[in-house]
Every structure is written in C-alpha cells, then in structure tokens.
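Taken in order, the sequence shown gives residues 2 to 165; the numbers are from the numbering used here. Quick reminder that beta carbons are idealized off the backbone N, C-alpha and C, glycines included. Because the structure is a prediction, the values reported are computed rather than measured.
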Amino acid sequence: MLALGIDPGTAICGYGFVETRGNRLIPHAYGSIFTTPEMRMEDRLMKIFDELDGLIKEYHPDVMGVEKLFFNRNVTTAIPVGQARGVVLLAAAKNGLRLVERTPMQIKLDVTGYGKATKQQVIYMVTKLLHLEKPPKPDDTADALAIAICTTYCMHSIAWRNQL
2 MLALGIDPGT AICGYGFVET RGNRLIPHAY GSIFTTPEMR MEDRLMKIFD ELDGLIKEYH
62 PDVMGVEKLF FNRNVTTAIP VGQARGVVLL AAAKNGLRLV ERTPMQIKLD VTGYGKATKQ
122 QVIYMVTKLL HLEKPPKPDD TADALAIAIC TTYCMHSIAW RNQL
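Structure below.
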C-alpha cells in the first residue's frame, strides 16, 4: 500500500509517499511545494493544487493522510492553512483517494510513541523508520512523511480489525 502524507500550508506544503511492504516502510518520493508571498493567494493555491494533482497522477497512492487543523496560539494562520488544506482535500476527491485525518498528537504518538513529542523527536524517528541517510528538509517535508507513516499504520489497523 502506498500512502501520501500532506502537511498543508500556503508557503510550504510538504508531501511524502511511503509504501508498506510487510513490516517495512519504504519512502518513494518526498519534498515540498513552495510558493512566495508575492504571488496572489489564488495563484498560490492553484500551484499547490496543480503540483499535488501531478504527484498523485505520477505515483498513484492508495490513500492520502492529512493533518487535522489545530490552532491554539496563532489563529491568523488558520485561514491560509485552511485554504491550503481545502485545496489538498479537493485533490484527494478529484483523484478518488481515501482520506485519513489525524491530529498532531495522534501523528506524534504513532511515529514516536509519545503524543507530546518535540519536532526534533519526530524528525529523528521519521529518519530512522524510513532508513534515510539524513533528516528530510524542510520540517514540512518531515511532517508530511510522519503523516504518511501514521496513515499506513492507521490503514493496517483498519484492515486488521476488518479481519476479525
């Protein structure tokens, strides 16, 4: 199964494709989609959609994982991130992808074993679980890979429960 993890954002939208083979996690492609503040918001959203749609068509994931929005401090970033998240959900719907949504705490728990892990702990575990030579950059890419890992765990858990 190939999972696509997305860390939505309007300036940086991280993505990561992770495949499960038995109990191994295999990274296929990962990176970030970048936009600039000089771009009009509608152009930024179009760029995110177009690049994400192209990646989905190229890699054909089975499922997409997206972080649920959670803002406890800076509410002003909620609207742009929500807009980027909407574009991501549209790309999933357009391509018929099943969607798995997880909170930041659930993602940290699944990847590190501790729901309040630091960003550095998550990056460390992503690097180790995927046998990467060096930590993925920027942090948004590492977060997207963490979401993809979490999504594979979630899908395997659902499949296992359905067998009972």
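Among the options, the one whose alpha carbon lies nearest that of residue i
{"i": "Gln84", "options": "Lys69, Leu98 and Gly97", "result": "Lys69"}
{"i": "Ile34", "options": "Leu46, Tyr115, Glu20 and Arg99", "result": "Leu46"}
{"i": "Met40", "options": "Lys120, His61 and Ala12", "result": "Ala12"}
{"i": "Val19", "options": "Gly10, Asp8, Asp44 and Tyr31", "result": "Tyr31"}
{"i": "Thr119", "options": "His132, Glu52, Pro105 and Leu131", "result": "Pro105"}
{"i": "Asp141", "options": "Cys151, Leu3 and Ile7", "result": "Ile7"}
{"i": "Arg86", "options": "Met2, Leu131 and Gly10", "result": "Gly10"}
{"i": "Pro28", "options": "Lys129, Cys155, Met156 and Pro139", "result": "Lys129"}
{"i": "Ala92", "options": "Pro137, Ala149 and Val67", "result": "Val67"}
{"i": "Arg103", "options": "Tyr60, Ile150 and Ala79", "result": "Ile150"}
Where residue i falls: helix, strand or coil (DSSP)
{"i": "Tyr125", "result": "helix"}
{"i": "Pro81", "result": "helix"}
{"i": "Arg86", "result": "helix"}
{"i": "Pro28", "result": "strand"}
{"i": "Glu20", "result": "strand"}
{"i": "Thr119", "result": "coil"}
{"i": "Leu133", "result": "coil"}
{"i": "Lys138", "result": "coil"}
{"i": "Gly114", "result": "coil"}
Close Cβ partners of residue i (< 6 Å) along its chain, the five nearest in sequence each way excluded
{"i": "Ala147", "result": "Ile108, Val112, Val123 and Val127"}
{"i": "Leu98", "result": "Met65"}
{"i": "Val88", "result": "Leu46, Ile49 and Phe50"}
{"i": "Asp144", "result": "Asp8 and Gly15"}
{"i": "Thr21", "result": "Met2 and Thr153"}
Paired residues, beta bridge with residue i - DSSP
{"i": "Thr1", "result": "Only positions 2 to 165 of the chain appear in the structure, and residue 1 is not among them; the question remains open."}
{"i": "Glu39", "result": "Per DSSP, none; premise fails for Glu39."}
{"i": "Val101", "result": "Gly66"}
{"i": "Gly15", "result": "Asp8 and Ser33"}
Boundaries (first-last residue) of the beta strand (DSSP E) holding residue i
{"i": "Asp8", "result": "Leu3 to Asp8"}
Cutoff 7 Å; reference residue i; Cβ partners in own chain excluding five residues on either side
{"i": "Pro81", "result": "Thr11"}
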